[in-house]
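Q: The working numbering numbers the first residue of the sequence shown as 10 and each following residue consecutively.
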Amino acid sequence: MSKFTRSADTSHRLSLAAMEEASRVGLRTADIEHLLLALTIDRDRAGRVLRRHGLTLEAARAGVAAQHSAQLAGLGVSVGEPDSGRIVFHETDGYTWSDRAGRIFTAANARGNAGDAVAVLTELLAEPSGLIEAVVQEVGASRAAIERDLVSSGSAASIDEHAESPPRSSSPLAGTTEGFIPAPTAEVWSLLADPARIPEWEPSIASVAASPEGTTDDLGGTWRARATTTRPDGTELTVAPAFRRVRIGLLAREPERRIIWNLAFPDAPRANSRTIDITLEPEADGTRIRIAFSWDRAGDRPRRHRVLGFMLRPAYRVIIWVQLSQLVSGISRVFR
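#1: Measure the alpha-carbon distance for ARG57 versus GLY72 and round it to whole angstroms.
#2: Locate the beta strand (DSSP E) running through ILE298, then write down its first and last residues.
#3: Is the beta carbon of ALA183 closer than 8 Å to that of ILE329?
#4: Report the residue from PRO275, ARG342 and GLU196 whose alpha carbon sits nearest the alpha carbon of ARG211.
#5: Which ranges would you report for the alpha helix (DSSP H) in the segment 83-128 if only whole runs of at least 4 residues count?
#6: So does the segment 63-70 actually touch the segment 139-152, counting three or more Cβ pairs closer than 8 Å?
#7: By how many angstroms is the C-alpha of GLY163 removed from the C-alpha of ALA154?
#8: Which stretch, first to last residue, makes up the alpha helix (DSSP H) that contains ILE141?
#9: Closer than 8 Å is the cut-off here; do at least three beta carbon pairs connect the segment 184-192 with the segment 39-59?
#10: To the nearest angstrom, how far is it from the Cα of ARG99 to the Cα of GLU136?
#11: Going by beta carbon distance, what residues of the same chain come within less than 6 Å of ALA251, once the five residues before and after it are set aside?
#12: With DSSP as the reference, identify every bridge partner of ILE268, one or two as the case may be.
#13: Tell me the residue span of the beta strand (DSSP E) that contains ALA205.
#14: Using beta-carbon positions only, say whether GLN257 and ILE298 come within less than 8 Å of one another.
#15: Since I believe LEU130 is in contact with LEU48 (beta carbons under 8 Å), could you give me their beta-carbon distance rounded to a whole number of angstroms?
#16: Taking only the alpha-carbon atoms, compute the straight-line gap between ARG240 and GLY85 and give it to the nearest angstrom.
#17: Only counting the same chain, and skipping five residues up and downstream in sequence, which positions put a Cβ closer than 8 Å to that of ASP158?
#18: Can you tell which of GLU142, ARG109 and VAL160 has its C-alpha closest to the C-alpha of ARG152?
#19: Assuming the contact rule is C-beta atoms closer than 8 Å, ILE402 and THR185 should be a hit. Round their C-beta distance to whole Å, please.
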């Protein structure tokens, strides 16, 4: 993976998670504390190091709240912290980074730095306001110990880079990614294995019938579903009538390990279906997930379509990358 690609992927992941965290407390500007919270649930080495030192998402949230209260008390202000609610980032707009958070990303991508999550965390720990170091101490961890761990774990960079960069599929209509979910594997499995809960994490599905078509929910069972026709903010989405009904099929099920769903359009039999293959692996303080996503072609395409498809491959890869990001974010959001 090139530095540019790694940097873009890291920036996208951390920006999404940080702005989601800001939205929980009614803020539209994500600051350095929200960047720290995003790093605690990041899939890469930086996230694993933070969690190993006790900076889980919940612990870091508590540390941030304590520091904010202490700062206000130092000014003689006794106003409490904003009430924490659910993540509303996807239902609202107008989000941006603070200037000092923006400087962290600039420094992490400066010459000689990798632009990855480790580079971001390294710059964040050294941020001159001292807020992040104070949060780290509040949690009972040590900035120096975390920095040493980041350096020492870098000796396994070749192994780690493979883990942080899932192999790209040879097909432009398929891709893979990994993510860290801050919840036990049993809870993640309970979410992913229940067809009625698919709308909680798959943004294109609005509702799923309570019972399967036929008499079984074993392999081969299918469920009737409805596509999403409104955005989270309530505005209408343009969805052709042929794509409003969805048939969801269960292709594989290995309890607490692997689930494969297929989403097809019964009113558009020549349209591509989608396959979502999710593997779970227990990890300290949560679950690592690996998602293989593909658009599966229905039958042979005319030659002119194959030529056009070849020309559009770069665009297809971006679309797949965005869809994978949405899936990981959707699953993570349920547990945050």
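Glycine included, each C-beta is placed from N, C-alpha and C at the ideal position. Every value quoted in this text rests on a predicted model; they were computed, and no experiment measured them.
A: Result, derived from the coordinates:
#1: The residue labelled residue 57 in the question sits at position 48 within the sequence shown. The residue labelled residue 72 in the question sits at position 63 within the sequence shown. Each residue's alpha carbon lies about 18 Å from the other.
#2: For the purposes of this step, residue 298 is taken as residue 289 along the sequence shown, with counting starting at 1. Counting along the chain, the beta strand (DSSP E) containing ILE298 begins and ends at 295-305.
#3: One-based indexing of the sequence shown puts residue 329 at position 320. One-based indexing of the sequence shown puts residue 183 at position 174. Closer than 8 Å, so yes.
#4: For the purposes of this step, residue 211 is taken as residue 202 along the sequence shown, with counting starting at 1. Correcting the residue type first, residue 211 is Glu in the shown sequence and not Arg. Nearest of PRO275, ARG342 and GLU196 to GLU211, Cα basis: ARG342.
#5: 108-117
#6: yes
#7: Here residue 154 is taken as the residue at index 145 of the sequence shown, counted from 1. Here residue 163 is taken as the residue at index 154 of the sequence shown, counted from 1. Taking the straight line from one Cα to the other gives about 14 Å.
#8: Reading the sequence shown from its first residue, position 132 is the one you call residue 141. It spans 140-147 - the alpha helix (DSSP H) in which ILE141 sits, taken as one unbroken run.
#9: yes
#10: Walking along the sequence shown from the start, residue 99 turns up at place 90. Walking along the sequence shown from the start, residue 136 turns up at place 127. The sequence shown places His at residue 99, rather than the Arg named in the question. Each residue's alpha carbon lies about 29 Å from the other.
#11: Position 242 of the sequence shown, counting from 1, holds the residue named residue 251. Same-chain partners within the cutoff: ASP276 and ALA277.
#12: Numbered from its first residue, the sequence shown carries residue 268 at position 259. The partner list for ILE268 (beta bridge, DSSP) reads ARG262 and ILE287.
#13: Walking along the sequence shown from the start, residue 205 turns up at place 196. Where ALA205 is concerned, there is no enclosing beta strand (DSSP E), given that its DSSP letter is neither H nor E.
#14: In the sequence shown, counting from the first residue as 1, residue 257 sits at position 248. In the sequence shown, counting from the first residue as 1, residue 298 sits at position 289. In the sequence on display, residue 257 carries Ile and not Gln. No.
#15: The residue labelled residue 48 in the question sits at position 39 within the sequence shown. The residue labelled residue 130 in the question sits at position 121 within the sequence shown. Right, their Cβ atoms sit about 5 Å apart.
#16: As a first step, residue 240 is located in the sequence shown; it is residue number 231 there, counting from the start. As a first step, residue 85 is located in the sequence shown; it is residue number 76 there, counting from the start. Approximately 43 Å, taken between the alpha carbons.
#17: Start at 1 with the first residue of the sequence shown, and residue 158 comes out as number 149. The residues are VAL58, ARG61 and HIS62.
#18: Taking the first residue of the sequence shown as position 1, residue 152 is located at position 143. The candidate whose alpha carbon is nearest that of ARG152 is GLU142.
#19: In the structure displayed, the chain extends from 10 to 345; residue 402 sits before or after that span and is not available.
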